[in-house]
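Using our numbering, the first residue of the sequence shown is number 1, and each one after it goes up by one.
Structure record follows, encoded as structure tokens.
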Amino acid sequence: MRKIVIAGNWKMHKTKQEAEQFIDEVKQLKTNERVEAVICAPFPYLSSLVNKVKQTDVKIAAQTMHFEQSGAFTGEVSPVMLADIGVSHVIIGHSERREYYHETNETVNKKVHAAFSHHLTPIVCVGETLAQREANDTLTHIEKQIKIALDGLTDEQIANTIIAYEPIWAIGTGKTASSADANEVCAHIRNIVAKITSEQTAEKVVIQYGGSVKPENIDELLSTSDIDGALVGGASLEPASFIQLVEAGNKLS
Ligand code: PGA
């Protein structure tokens, strides 16, 4: 059985005190073997939060990184730095990074390779715009994103990649894709991965849905065949709702 990964993406929210208080409130959370609870926090808090979650079931992730190990890249953070402070996961190619910071499928691919070189688990985001959905381009668009993102990885690395399907029109809008639509795309993603590698490898890949996930819709999303968790923005900012999302995963195992 695949893992269920519930990841909270805080984006550019919270003061240090608020971040630490959140972790204090969720650190009693117990996940069973199949479930992972991850908080993707802003860079300045990562080190202190990693220390706070030691001996707990919560993991700390970064929201992006550079693909180079070091160099003259003012303002950037490298995979070496994240690994050094004990971060476990990193979001790569979130649609906001693609839209506002010119990330491309090619830089996403470089970052995924860099993540594996430093033992970080990549959470690779893909998803279509509303215009692409309306033009029936969703599946071809996603196929291109996935093929380039995973290019050159070993089967083992692909099996350990988390893919987050996040339709851009559903992010932060309160509009969730129906669980059937979301599952259809997630199943399509698994087929693409199977074509690149093998069915056996594709069966191991954790595919999350993201876009206005909240305690009210998580059960239905997780009840589908190919959705193995969620990448959650707004509803991950409050400890109580993050706990409810993780408990929805615990219930299934
Ligand atoms: P949302 O964000 O849950 O607030 O829609 C999801 C995301 O951007 O990862």
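The beta carbon of each residue, even a glycine, is placed where N, CA and C say it ideally should be.
Identity of the residues DSSP links to Ile163 by a beta bridge: If you number the sequence shown from 1, residue 163 lands on position 163. Ile163 is bridged to Val124, Ile207.
Own chain residues within Cβ distance below 7 angstroms of Gly127, not counting five before or after: Reading the sequence shown from its first residue, position 127 is the one you call residue 127. Hits under 7 angstroms: Ser95, Tyr165, Glu166, Pro167, Ile168.
Contact belief for Glu60 with Ala37 at Cβ below 8 angstroms, rounded distance in angstroms: As a first step, residue 60 must be located in the sequence shown, where it is residue number 60. As a first step, residue 37 must be located in the sequence shown, where it is residue number 37. At residue 60 the sequence reads Ile, which differs from the Glu that was named. So it is not a contact: roughly 10 angstroms between Cβ atoms.
Strictly by DSSP, which residues pair up with Ile39? Numbered from its first residue, the sequence shown carries residue 39 at position 39. Its beta-bridge partners are Gly8, Ile60.
Look up Ala230 in the DSSP assignment and give the residues it is bridged to. Reading the sequence shown from its first residue, position 230 is the one you call residue 230. According to DSSP, Ala230 bridges with Ile6, Tyr209.
Span separating the alpha-carbon of Ser117 from that of Glu76: For the purposes of this step, residue 117 is taken as residue 117 along the sequence shown, with counting starting at 1. For the purposes of this step, residue 76 is taken as residue 76 along the sequence shown, with counting starting at 1. Rounded to whole angstroms, Ser117 to Glu76 spans 18 angstroms at the Cα level.
Can you give the Cα-Cα distance for Glu143 and Cys186, rounded to whole angstroms? For this step, residue 143 is matched to residue 143 along the sequence shown. For this step, residue 186 is matched to residue 186 along the sequence shown. Distance between the alpha carbons of Glu143 and Cys186 is about 11 angstroms.
Using three-state DSSP, classify Ile85 as helix, strand or coil. Against the sequence shown, residue 85 aligns to sequence position 85. Ile85: coil per DSSP, three-state reduction.
Count the other CB atoms within 10 Å of the CB of Gly210; is the residue buried (16 or more) or exposed (fewer)? Along the sequence shown, read from residue 1 onward, the residue named residue 210 stands at position 210. Under a 10 Å Cβ-count criterion, Gly210 is classified as buried, with 16 or more other Cβ atoms of the shown protein chains found around its own Cβ.
DSSP state of Val90, grouped into three classes? As a first step, residue 90 must be located in the sequence shown, where it is residue number 90. Correct three-state label for Val90: strand.
Cutting at 7 angstroms between CB atoms, please list the residues of its own chain near Gln145, excluding the five before and the five after it. Stepping through the sequence shown from its first residue, residue 145 is reached at position 145. If we look at Gln145 and ignore the five residues flanking it on each side, its Cβ neighbours are Asn105, Val126.
Using the rule of at least 16 other Cβ atoms within 10 Å of the residue's Cβ for burial, across every protein chain shown, is Glu103 buried or exposed? Residue numbering aside, residue 103 sits at position 103 when the sequence shown is read from its first letter. Label assigned to Glu103: buried.
For the alpha helix (DSSP H) holding Asp219, just list the boundary residues, first then last. By 1-based counting over the sequence shown, the position of residue 219 is 219. Asp219 -> alpha helix (DSSP H) spans 215–222.
Cβ-heavy atom distance, Ser178 to the ligand PGA, below 7 angstroms: The residue labelled residue 178 in the question sits at position 178 within the sequence shown. No - the ligand PGA has no heavy atom lying nearer than 7 angstroms to the Cβ of Ser178.
For Leu82, tell me which candidate among Asn109, Thr107, Ala114 has the shortest Cα-Cα distance. Start at 1 with the first residue of the sequence shown, and residue 82 comes out as number 82. Comparing Cα-Cα distances from Leu82 to each of Asn109, Thr107, Ala114, the minimum goes to Ala114.
To the nearest angstrom, how far is it from the Cα of Leu221 to the Cα of Val232? Position 221 of the sequence shown, counted from the first residue, corresponds to residue 221. Position 232 of the sequence shown, counted from the first residue, corresponds to residue 232. Their Cα atoms are separated by approximately 13 angstroms.
C-beta contact flag for Val26 and Ile162 at 8 angstroms: Walking along the sequence shown from the start, residue 26 turns up at place 26. Walking along the sequence shown from the start, residue 162 turns up at place 162. Not closer than 8 angstroms, so no.
Following the continuous alpha helix (DSSP H) through Glu96, name the residue where it begins and the one where it ends. On the sequence shown, position 96 is the one that residue 96 refers to. Note, Glu96: alpha helix (DSSP H), 95–100.
Going by the C-beta, is Ser241 closer than 7 angstroms to any heavy atom of the ligand PGA? Sequence index remark: in the sequence shown, residue 241 carries index 241 (1-based). Ser241: no, Cβ never under 7 angstroms from the ligand PGA.
If you run the structure through DSSP and keep just helix, strand and coil, what is Thr138? As a working note, residue 138 is residue 138 in the sequence shown. Thr138 falls in the helix class under three-state DSSP.
Could you tell me the distance, in whole angstroms, from the CA atom of Ala149 to the CA atom of Pro79? Position 149 of the sequence shown, counted from the first residue, corresponds to residue 149. Position 79 of the sequence shown, counted from the first residue, corresponds to residue 79. If you take the alpha carbons of Ala149 and Pro79, they lie about 17 angstroms apart.
Beta-carbon gap between Ile218 and Ala248 smaller than 8 angstroms: Within the sequence shown, the letter at position 218 stands for residue 218. Within the sequence shown, the letter at position 248 stands for residue 248. Yes. Within cutoff.
Going by the CB atoms, is the gap between Glu20 and Ser47 shorter than 8 angstroms? By 1-based counting over the sequence shown, the position of residue 47 is 47. By 1-based counting over the sequence shown, the position of residue 20 is 20. It is not a contact, given that the beta carbons lie outside the stated cut-off.
Can you list, in chain order, the residues of its chain with a C-beta nearer than 7 angstroms to that of Ile85? Leave out the 5 residues immediately preceding and following it. The residue labelled residue 85 in the question sits at position 85 within the sequence shown. Excluding positions up to five away in sequence, the list reads Leu46, Ser47, Val50.
Is Gly127 near the ligand PGA, with its Cβ less than 7 angstroms from a heavy atom? If you number the sequence shown from 1, residue 127 lands on position 127. No, the beta carbon of Gly127 sits no closer than 7 angstroms to any heavy atom of the ligand PGA.
Cutting at 7 angstroms between CB atoms, please list the residues of its own chain near His13, excluding the five before and the five after it. Here the question's residue 13 lines up with position 13 in the sequence shown. Answer for His13: Leu237, listed in chain order.
Buried or exposed by the 16-neighbour rule on C-beta atoms within 10 Å, applied to Thr121: As a working mapping, residue 121 is identified with position 121 in the sequence shown. So Thr121 ends up on the buried side.
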